[in-house]
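K.L.:
Can you keep this structure in mind? I'll have questions shortly.
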Amino acid sequence: MRPVDSVSEIQDLVTDPGSPLRHDRRHLIAFVTDADSERVLRSSLSDMLPEPPDIRRGGIRAAYAAMQKTTSPRILIVDVTGEEHALKALADLAHVVEPDVCVLVIGELEGLEFYREITRGLGAADYLPKPLARDLVIRHFGSFVLGRSPSASTALGGRVVAVTGIRGGCGASSIATNLAWHFGVTLRHHTVLVDPDLYRGNAAYLLNVHPGEGLQAALESPERIDSLLAERAAQPAADRLHVLAGESPMGAQPKFAAGAADALIDALRKRYNFIILDVPLAPIPLYRELLSKAHQQILVMEPSLVSLRDVLRMTPQSQGKVQGQLPLLLLNRLGLPGGLTRRQVEDGLKRKLDLVIPDLPRQLRMAANLGEPAIINNAAYRKVIAELARSVAGAGLLDTLAGSAPPPPERKRGGWFSLGRNK
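Each residue of the sequence shown is one higher than the one before, starting from 1029 at the first, in my numbering.
Right, dumping it as structure tokens:
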């Protein structure tokens, strides 16, 4: 069976009588030992599932008891927190679940050896240490929930985050700029902010940086791009924050070469921990190529009917090919005079918003005129940007851990706990 490519396809499979996903089998059941983990799992997985996630309180022993009495789900999440003999308990669980179940494990233990033992020795699909973060869960569990096989090639290198405004004036550039500042200056990660709009882009000016000519040159001659050239083309905004932007005459027509976005992002990922893309919503091949390279996309909307309509029109096509999750949806300028309320927006979208930023016209306008990030002097804005950063970067340390190990050997088709079954 080919990989499942969307939430709607999962729903089609579940409702299809001829589908290998049987009607007597739940898509996902999770057992967790604490309220925080339950909240994060529910928030992370709800939009990907054709049914509400079945999350139960209890650890590995509760999962063992339940699986003795019920049909195994397609995906089983188990919590080994507090279990003294976690590996033995997982091996015992292998004897009471169906061979093709996909088991995902969470727990309090960290370390490469434990990770290897669970994923290689016991054959579980993945393991995440607590405390869980929404983005961490989506990135590492989302591919399995959506029926995809995670790509090892995307694990190494910096994390690419694309910020896209649903319409012009939604504040996407301000959000991208402040997010980049938070990563580069507040958190001290090597960060680059990329603004590919050579005509109307203003991300560089929001950080009091003059656009250079390196971006356009790199996109026109991708064969010359390497990590050193990409770094030299970027303008420094702070010690660990650079800006890669350009400015072309309005009548000019730059000739971007095919594959330029791939070459640029691949080079930047070798140099920076975070690559923040301020990508406009427009049918331009370069923008589409950049979005396809993003590990996480943030869609920024404002509280208006036209913005809501555009979200409903474009969200299903917004997911890049390396993303294992749905885009984050951020409502900016809540409280705008004459604008919709949060409840009206969520009712119209038939989903919860991931983040909300209040309307701060005076503060943001002043920051833009001064060429400095709004998070420096505005606590409310700073708090939301910090929360956004946690949402899109929760799995950074685990990426390093998993990426440092060689890929696990190919698993036999017989089941997920082959070692436990052969004891």
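Ideal Cβ placement from N, Cα and C applies to all residues, glycine included.
Between which residues of its own chain and R1418 is the CB-CB distance below 7 angstroms, once the five residues before and five after are set aside?
P.N.:
For R1418, where only same-chain residues beyond five positions count, the Cβ hits under 7 angstroms are A1161.
K.L.:
State the Cα-Cα distance for the pair L1215 and V1307, rounded to the nearest angstrom.
P.N.:
Rounded to whole angstroms, L1215 to V1307 spans 23 angstroms at the Cα level.
K.L.:
Just verifying my parser: in three-state terms, what is the DSSP assignment at Y1155?
P.N.:
DSSP places Y1155 in strand when its eight states are reduced to three.
K.L.:
What are the start and end residues of the beta strand (DSSP E) that includes N1406?
P.N.:
Run containing N1406: none; DSSP gives neither H nor E here.
K.L.:
May I have the straight-line CA-CA distance separating D1107 from A1421, to the nearest angstrom?
P.N.:
Going from the Cα of D1107 to the Cα of A1421 covers about 22 angstroms.
K.L.:
In terms of alpha-carbon separation, which member of H1168, A1265, V1131 and H1217 lies closest to G1151?
P.N.:
For G1151, the nearest C-alpha among the options comes from V1131.
K.L.:
Express the C-alpha separation of P1080 and G1087 in angstroms, rounding to a whole number.
P.N.:
Cα-Cα distance, rounded: 20 angstroms.
K.L.:
Does DSSP classify N1206 as helix, strand or coil?
P.N.:
The answer is helix: DSSP assigns N1206 an H, G or I state.
K.L.:
Just curious, the beta strand (DSSP E) that M1278 is in, first and last residue?
P.N.:
No beta strand (DSSP E) contains M1278, which DSSP labels as neither H nor E.
K.L.:
Between which two residues does the beta strand (DSSP E) containing D1338 stretch?
P.N.:
Looking at the DSSP string, D1338 is not in any beta strand (DSSP E); the run it does join, the alpha helix (DSSP H), is L1333 to M1342.
K.L.:
Rounded to the nearest angstrom, what separates S1456 and V1165 at their Cα positions?
P.N.:
One cannot answer for residue 1456 here, as it falls past the ends of the chain, which runs 1029 to 1451.
K.L.:
What whole-angstrom Cβ distance do G1186 and R1297 have, given they're in contact under 8 angstroms?
P.N.:
With 8 angstroms as the limit, G1186 and R1297 qualify as a contact, their Cβ atoms being about 4 angstroms apart.
K.L.:
Could you pull out every residue in the same chain whose Cβ sits closer than 7 angstroms to the Cβ of I1413, ignoring the five residues on either side in sequence?
P.N.:
Excluding sequence neighbours, I1413 sits near N1206, L1207, H1210 and I1403.
K.L.:
When you compare the CB positions of G1375 and L1356, do they come within less than 7 angstroms of one another, or not?
P.N.:
In the sequence as presented, Gly is not what sits at residue 1375; that position holds Asp. Contact flag unset, no.
K.L.:
Note down the Cα distance separating H1123 from T1109, rounded to an integer number of angstroms.
P.N.:
Whole-angstrom Cα-Cα distance: 20 angstroms.
K.L.:
Could you spell out the range, first to last residue, of the alpha helix (DSSP H) harbouring R1361?
P.N.:
Here R1361 belongs to no alpha helix (DSSP H); instead the beta strand (DSSP E) covers L1356 to L1362.
K.L.:
Between A1190 and A1285, is the Cβ-Cβ spacing less than 7 angstroms?
P.N.:
Contact flag unset, no.
K.L.:
Using DSSP with H/G/I as helix, E/B as strand and the rest coil, what is L1058?
P.N.:
In the sequence as presented, Leu is not what sits at residue 1058; that position holds Ala. Reduced to three states, the DSSP call for A1058 is strand.
K.L.:
Please list, in chain order, all residues of the same chain as V1339 whose beta carbon is under 6 angstroms from its beta carbon, the five residues on each side excluded.
P.N.:
Cβ neighbours of V1339 beyond the five flanking positions: I1194 and M1329.
K.L.:
Using only the alpha-carbon positions, how far apart do N1360 and G1199 sit?
P.N.:
So the two alpha carbons sit approximately 7 angstroms from each other.
K.L.:
Using the Cα positions of P1386 and G1363, report the straight-line distance between them to the nearest angstrom.
P.N.:
P1386 and G1363: Cα-Cα distance of roughly 6 angstroms.
K.L.:
Can you tell me the Cβ-Cβ gap for A1246 and I1253, rounded? I've got them flagged as a contact below 8 angstroms.
P.N.:
About 5 angstroms separates the two Cβ atoms, so the contact holds.
K.L.:
Quick check on DSSP: helix, strand or coil for L1426?
P.N.:
Here L1426 scores only 32 on pLDDT, less than 50, and its place in the model is too uncertain to base an answer on.
K.L.:
In three-state DSSP terms, what is H1270?
P.N.:
DSSP places H1270 in strand when its eight states are reduced to three.
K.L.:
Nearest-angstrom Cα distance between A1266 and R1299?
P.N.:
So the alpha carbons of these two residues sit roughly 16 angstroms apart.
K.L.:
Take P1157 and list the residues in its own chain whose beta-carbon comes closer than 8 angstroms to its own, dropping the five residues that flank it on each side.
P.N.:
Correct list, in chain order: I1134, G1135, E1136, L1137, E1138 and L1426.
K.L.:
With DSSP as the reference, identify every bridge partner of P1264, one or two as the case may be.
P.N.:
The partner list for P1264 (beta bridge, DSSP) reads H1270.
K.L.:
Output needed for R1070: all residues of its chain with C-beta closer than 7 angstroms, excluding positions within five of it in sequence on either side, in chain order.
P.N.:
Taken in chain order, the residues that qualify are P1081 and I1083.
K.L.:
With the cut-off set at 7 angstroms, would you say A1289 and L1318 are in Cβ contact?
P.N.:
Yes.
K.L.:
Going by alpha carbons, who is nearest to L1336 out of L1354, P1313, S1320 and L1377?
P.N.:
Among L1354, P1313, S1320 and L1377, the Cα nearest to that of L1336 is on L1377.
K.L.:
Give every residue of the same chain whose Cβ lies closer than 8 angstroms to the Cβ of E1415, excluding the five residues on either side of it in the sequence, and list them in chain order.
P.N.:
Hits under 8 angstroms: L1383.
K.L.:
Can you tell me whether DSSP reads I1103 as helix, strand or coil?
P.N.:
Three-state result, I1103: strand.
K.L.:
Nearest-angstrom Cα distance between V1173 and L1257?
P.N.:
Spanning the two alpha carbons is a distance of roughly 39 angstroms.
K.L.:
Check whether the Cβ atoms of G1274 and Q1244 lie closer than 7 angstroms to each other.
P.N.:
Cβ distance < 7 angstroms, so G1274 and Q1244 count as in contact.
K.L.:
For K1380, which residues in the same chain have their Cβ closer than 7 angstroms to its Cβ, ignoring the five residues on either side in sequence?
P.N.:
Excluding sequence neighbours, K1380 sits near E1374.
K.L.:
Give every residue of the same chain whose Cβ lies closer than 7 angstroms to the Cβ of S1201, excluding the five residues on either side of it in the sequence, and list them in chain order.
P.N.:
N1230, A1231, L1234 and D1306, listed in sequence order.
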